[in-house]
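What follows is a set of notes on a single structure, which appears directly below.
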Amino acid sequence: MSVQCGAGLAATAAISVLTPMRGVSDVHVVPNGSAPIWSVALYLASGAAAALAVNWAADALPGRDWRAAPSFAKGPWPGAALKRHFIVTLACLLGSLVAGAYAGWGARGFWLVLWGAILLLITVTDIEHRLVLNLVVGPAALLAAAASVFGLGLSVGPLAMLEGGATGLGIFAVIALASRGKMGMGDVKLAGLIGLLLGYPNVVAALFLGIIFGGLVAVLALIRGKGLRSSIPYAPGLALGAIVVLFSLASHMPA
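In terms of my numbering, the sequence shown opens at residue 182 and continues consecutively.
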């Protein structure tokens, strides 16, 4: 996606009316008191496992997509893969602790860790390869749908899940068409995935935040001297918006 398109979307979102998130008004951080040592250790272990999975998938999966370069080492930033491994590991470990503390060190925190890892993987592949991989989005969409049907995670009902997916796909399909090729279909599919995960109307808030975050990235790119036609990854902004809304709805997950 171009810097010009990203900045324009941010301006459009800034004047939009944000649809209230379902159930957000009564969301509160779960009182947790002092965390048992074993709970902290378990969350750290989950964060370490998430980091290993994200780094492995980010190295292996793009090479299986015919559109991608065979390896990150042959990309435009030699040696950056090692730096990414460290950043991903640190993010997963810290994120797991934040999820545990926020969700009261119960089962709901592991759902946050899981989806945080999925969205982080999508972010990494978009930054490194400008790709939102079907190999990631497809299974993640099935997971979100299954969670809705079986009452797991956010316990988003099937109707709200379908409405959310359609809303995400619809909004970003229109934006992609209007951008005349400056936004890829991967971003459209990611918006649909976020809709399936969060349901309607929560997806509206997530996409609103995602557009704002993406616009900020575009502005930073301009400040750093990149031209208006420079390509920027847009998935990181969408992923961050989804994570913010997901955390805000954490108290609606099964304990």
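For each residue, glycine too, the CB sits at the ideal point set by N, CA and C.
Where ALA280 falls, given that 16 or more other Cβ within 10 Å makes a residue buried: Indexing the sequence shown from 1 puts residue 280 at position 99. Classification for ALA280: buried.
CA nearest to the CA of ALA341, picked from GLY244, LEU242 and LEU379: Mapped onto the sequence shown, residue 341 falls at position 160. Of the candidates GLY244, LEU242 and LEU379, the one whose C-alpha sits nearest the C-alpha of ALA341 is LEU379.
Separation of GLY349 from GLY314, as counted between CA atoms: Working through the sequence shown from its first residue, we reach residue 314 at position 133. Working through the sequence shown from its first residue, we reach residue 349 at position 168. The sequence shown places Leu at residue 314, not Gly. Looking at the two C-alpha atoms, the distance is approximately 17 Å.
Residue from ASN236, SER329 and GLY332 with nearest C-alpha to LEU300: Taking the first residue of the sequence shown as 1, we reach residue 300 at position 119. With distances taken between Cα atoms, LEU300 lies closest to ASN236.
Reference ARG311, options TRP219, GLY365, PRO339 and VAL400, closest by Cα: The count along the sequence shown starts at 1 and reaches residue 311 at position 130. For ARG311, the nearest C-alpha among the options comes from GLY365.
Straight-line Cα distance separating PHE428 from GLY285: The residue labelled residue 285 in the question sits at position 104 within the sequence shown. The residue labelled residue 428 in the question sits at position 247 within the sequence shown. Using only the alpha carbons, I get a separation of about 12 Å.
Inter-residue spacing [alpha-carbon to alpha-carbon] between LEU316 and PRO417: Within the sequence shown, residue 316 is the residue found at index 135, counting from 1. Within the sequence shown, residue 417 is the residue found at index 236, counting from 1. So the two alpha carbons sit approximately 18 Å from each other.
LEU302 burial status per 10 Å Cβ neighbour count (16 or more: buried): The count along the sequence shown starts at 1 and reaches residue 302 at position 121. Classification for LEU302: buried.
LEU421 versus ILE392, LYS363, LYS370 and HIS266, residue with shortest Cα-Cα distance: Stepping through the sequence shown from its first residue, residue 421 is reached at position 240. It is ILE392.
VAL294 and ALA359 closer than 9 Å at C-beta: For this step, residue 294 is matched to residue 113 along the sequence shown. For this step, residue 359 is matched to residue 178 along the sequence shown. It is not a contact, given that the beta carbons lie outside the stated cut-off.
Beta-carbon gap between ALA298 and ALA234 smaller than 9 Å: Locating residue 298 in the sequence shown gives position 117, where the first residue counts as 1. Locating residue 234 in the sequence shown gives position 53, where the first residue counts as 1. Closer than 9 Å, so yes.
Completely contained alpha helix (DSSP H) runs for the stretch 270 to 318, where each covers 4 or more residues: 288 to 310
Per-residue burial, ALA195 [other beta carbons within 10 Å of its own, 16 or more giving buried]: Taking the first residue of the sequence shown as position 1, residue 195 is located at position 14. Caution is warranted here: a pLDDT of 39 is assigned to ALA195, below 50, making its placement in the model unreliable, and no coordinate value can be reported.
ILE356 - containing alpha helix (DSSP H), residue span: For the purposes of this step, residue 356 is identified with residue 175 of the sequence shown, where counting begins at 1. It spans 339 to 359 - the alpha helix (DSSP H) in which ILE356 sits, taken as one unbroken run.
Alpha-carbon spacing of LEU263 relative to LEU242, whole angstroms: As a first step, residue 263 must be located in the sequence shown, where it is residue number 82. As a first step, residue 242 must be located in the sequence shown, where it is residue number 61. Answer to the nearest angstrom: the Cα atoms are 17 Å apart.
Minimum C-alpha distance to VAL400 - residue among LEU388, LEU225, TYR415 and ALA386: By 1-based counting over the sequence shown, the position of residue 400 is 219. Closest by alpha carbon: TYR415.
Sub-9 Å separation of VAL318 and LEU390 beta-carbons: Position 137 of the sequence shown holds residue 318. Position 209 of the sequence shown holds residue 390. No. Outside cutoff.
Distance between VAL269 and ALA238 (C-alpha atoms, nearest Å): The residue labelled residue 238 in the question sits at position 57 within the sequence shown. The residue labelled residue 269 in the question sits at position 88 within the sequence shown. Looking at the two C-alpha atoms, the distance is approximately 12 Å.
Nearest-angstrom beta carbon gap, PHE267 and SER227 [assumed within contact, 8 Å]: As a first step, residue 227 is located in the sequence shown; it is residue number 46 there, counting from the start. As a first step, residue 267 is located in the sequence shown; it is residue number 86 there, counting from the start. With a Cβ gap of about 19 Å, SER227 and PHE267 do not count as contacting.
Minimum C-alpha distance to GLY345 - residue among ARG361, VAL330 and TYR381: Position 164 of the sequence shown holds residue 345. Of the candidates ARG361, VAL330 and TYR381, the one whose C-alpha sits nearest the C-alpha of GLY345 is TYR381.
Under 9 Å between C-beta atoms of ALA326 and LEU377: Working through the sequence shown from its first residue, we reach residue 326 at position 145. Working through the sequence shown from its first residue, we reach residue 377 at position 196. Cβ atoms of ALA326 and LEU377: closer than 9 Å.
Alpha-carbon to alpha-carbon, ILE308 and ALA402: Locating residue 402 in the sequence shown gives position 221, where the first residue counts as 1. Locating residue 308 in the sequence shown gives position 127, where the first residue counts as 1. Rounded to the nearest angstrom, the two C-alpha atoms are 13 Å apart.
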